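Inspection log for the structure reproduced underneath, given as structure tokens.
Shown next as structure tokens:
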């Protein structure tokens, strides 16, 4: 069966609060080197297509004729009616399974492709579904998520420096339900739903991203476990948090209200397919998609409040995300709403993204939010009911995330505003912040934006079991950090390139500091995010440009906890600030491995 994808909430990471005044040691010698967990509420839909990625330099990788011939060979081999449908933007081939609808048939087809030495990967064309919730009323005073000191994100403090001007944010979602509080900030988008049945607009892909509704009339209509439901107008709600028109005397304020929102429709009836979503990611970020006109206003921030159960990131997603990041687009993804580890959901478990968990008005991890080591940061996602209240009820609407919506139960009707809860609501808070940062400093790369957001987050004032990343994002503090010049406190340099840590080996990750004159401060902040299954195995040093090593952490045979998520203070006042700094990690034991996920220096 296809792995289902759902519009998700945010996850959390387990953390260890370590803070130390590091001491220098002599310059060291050169280092040696460098399951699926499905959500119980997700429907299970049959696989109708598979995505085949051929190895580079094979004929099938570039020739549609060769790919068609190979599909015909696999059809003869398996006895199924297979058909080559089209070439995806990333180069993979989309193959229709025809009558191969049982698990056994699908497995046989995929095994046939996997056995081919010319095939690099084959995966199901999985589906994504909208998954946000609940109702009630309007205006800025109710937007606690923007300004309250406990659970809010300190957004107003950033608006005197940036409102997102000059940046387009793509909302890859259900499309757009016309709303007067969004219209002035909306640019042309695209409908990437290739199935006319799912699209409900009488055709396949087209230039109109209008939300035609994602309602289901009956239980089971979208696969085993699916429930009848009204249209969510999910994309419109997400868009309001990012870019609702502000200071117009009505409705709500958008976090990046100077930015433009671009609706890219991928979710319709019964969700959406990974092949459509991957092409949408490519197009939204300015990449080329076969048969689709170029995006006239490429987005520098992509919001994906969607996902589905999968133990690994599909190749088609990862290739599309990598392409988007290479074009300078920051990709923000919701962690999921299943109160479980986010590593079992995709695209939350992909690389090169900012994975967002959800927090409540009290600053706790939201009861539904996914969590785990793959979570990067948290943001307000709200709770429209208490965890112990009856599912489906709305008992605390004032604690949800208020945004733009539509009153139609199936097709569009009158515009309105209502509170929803979900990591789907948390992710656009981070997408909006990313737009503020990109507008404030246009040279920022996606990696630098992620590092700045994580490096300036604050610890959750409440509780988080399972891990909530670097904490709750702080908009004003992050904007201040990236707009500071010279040696102004808060200037941050970072790296989000993963470096594998193997048993009994030493690895390094480098950061090049430029534009800072003089020496480093006596209170140099070193933020470390290392994923490891036994952190006591690790010895961690900061290595200055001249080779001097500052010990951050010693090994400990009794420390069996996971991960190192810590901020260290180093007296580096004798070191020249400019140059290449390294985080050196030595694994002193066998049996447990991990990787450097991210680290940063704040001067």
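Residue numbers (our numbering): 802 to 1404.
Heads up, the beta-carbon is just placed ideally off N, CA and C, and yes, glycines get one too.
Keep in mind it's a predicted model, so treat the numbers as computed, not measured.
Straight-line CA distance for residue i to residue j?
i	j	result
residue 1008	residue 891	21 Å
residue 909	residue 879	7 Å
residue 928	residue 895	14 Å
residue 1022	residue 1390	52 Å
residue 1090	residue 1083	7 Å
residue 1127	residue 1238	18 Å
residue 1386	residue 1029	52 Å
residue 1246	residue 905	45 Å
residue 1294	residue 999	44 Å
residue 1204	residue 1039	8 Å
residue 1051	residue 940	7 Å
residue 1198	residue 1318	51 Å
residue 918	residue 888	20 Å
residue 1373	residue 1322	6 Å
residue 1017	residue 1027	9 Å
residue 1006	residue 893	18 Å
residue 1279	residue 1296	16 Å
residue 1162	residue 1403	29 Å
residue 1392	residue 1361	12 Å
With 16 as the cutoff for other CB atoms within 10 Å, does residue i come out buried or exposed?
i	result
residue 1215	exposed
residue 1033	buried
residue 942	exposed
residue 1183	buried
residue 932	Unreliable positioning characterises residue 932 in this predicted model, as indicated by a pLDDT of 49, which lies under 50. The coordinate reading is nonetheless provided below. With 16 or more Cβ atoms within 10 Å of its Cβ, residue 932 is classed as buried.
residue 982	buried
residue 1140	buried
residue 1072	buried
residue 858	exposed
residue 984	exposed
residue 1355	exposed
residue 1150	buried
residue 975	buried
residue 877	exposed
residue 1170	buried
Is residue i near residue j, with beta carbons less than 8 Å apart?
i	j	result
residue 1117	residue 1144	no
residue 1155	residue 1122	no
residue 882	residue 866	no
residue 1055	residue 1233	yes
residue 926	residue 850	yes
residue 1078	residue 1218	no
residue 1262	residue 951	yes
residue 766	residue 923	Outside the shown range of the chain, which is 802 to 1404, sits residue 766, and nothing can be said about it.
residue 1129	residue 1101	yes
residue 977	residue 1012	yes
residue 885	residue 868	yes
residue 1334	residue 1206	no
residue 965	residue 1236	yes
residue 1284	residue 875	no
residue 1157	residue 1180	yes
residue 1394	residue 1302	yes
residue 897	residue 993	no
First and last residue of the beta strand (DSSP E) that includes residue i?
i	result
residue 1325	1325 to 1333
residue 1234	First-last for residue 1234: 1224 to 1241, but that is the alpha helix (DSSP H), not the beta strand (DSSP E).
residue 1029	Per DSSP, residue 1029 belongs to no beta strand (DSSP E) and is neither H nor E.
residue 1296	1293 to 1296
residue 1196	It is not in any beta strand (DSSP E) - residue 1196 carries neither H nor E in the DSSP assignment.
residue 1160	1155 to 1160
Over what stretch of residues does the alpha helix (DSSP H) that includes residue i continue unbroken?
i	result
residue 1119	1116 to 1127
residue 1038	1035 to 1044
residue 1278	1276 to 1284
residue 910	904 to 915
residue 1144	That residue, residue 1144, is in no alpha helix (DSSP H); it is neither H nor E in DSSP.
residue 948	945 to 948
residue 870	865 to 879
residue 1400	That residue, residue 1400, is in no alpha helix (DSSP H); its beta strand (DSSP E) goes 1395 to 1403.
residue 1249	1247 to 1256
residue 1382	It is not in any alpha helix (DSSP H) - residue 1382 instead sits in the beta strand (DSSP E) that spans 1380 to 1388.
residue 1053	Premise fails: residue 1053 is in no alpha helix (DSSP H) and is neither H nor E.
residue 1081	1075 to 1085
Contact the stretch 1245 to 1260 vs the stretch 1203 to 1217: 3+ CB pairs below 8 Å:
Below 8 Å, too few C-beta pairs join the stretch 1245 to 1260 and the stretch 1203 to 1217 to call them touching: fewer than three.
When you compare the stretch 1220 to 1228 with the stretch 1104 to 1114, are there three or more beta-carbon pairs, one atom per stretch, that lie closer than 8 Å?
Under the 8 Å Cβ criterion, the stretch 1220 to 1228 counts as touching the stretch 1104 to 1114, having at least three qualifying pairs.
Do three or more CB pairs link the stretch 1363 to 1375 to the stretch 1302 to 1319 at distances below 8 Å?
No, they do not touch.
For the stretch 1048 to 1065 against the stretch 909 to 927, do three or more pairs of beta-carbon atoms, one drawn from each stretch, fall closer than 8 Å, so that the two count as touching?
No contact exists between the stretch 1048 to 1065 and the stretch 909 to 927.
How do the stretch 1320 to 1337 and the stretch 1389 to 1404 stand: do at least 3 beta-carbon pairs fall below 8 Å, yes or no?
With contact defined as three or more Cβ pairs closer than 8 Å, the stretch 1320 to 1337 and the stretch 1389 to 1404 are in contact.
Pairs of beta-carbons, one from the stretch 1332 to 1350 and one from the stretch 1263 to 1279, closer than 8 Å: are there three or more?
Under the three-pair Cβ rule at 8 Å, the stretch 1332 to 1350 does not count as touching the stretch 1263 to 1279.
Under 8 Å: do the stretch 1093 to 1100 and the stretch 964 to 976 share three or more Cβ pairs, one atom per stretch?
At 8 Å Cβ cutoff, the stretches touch.
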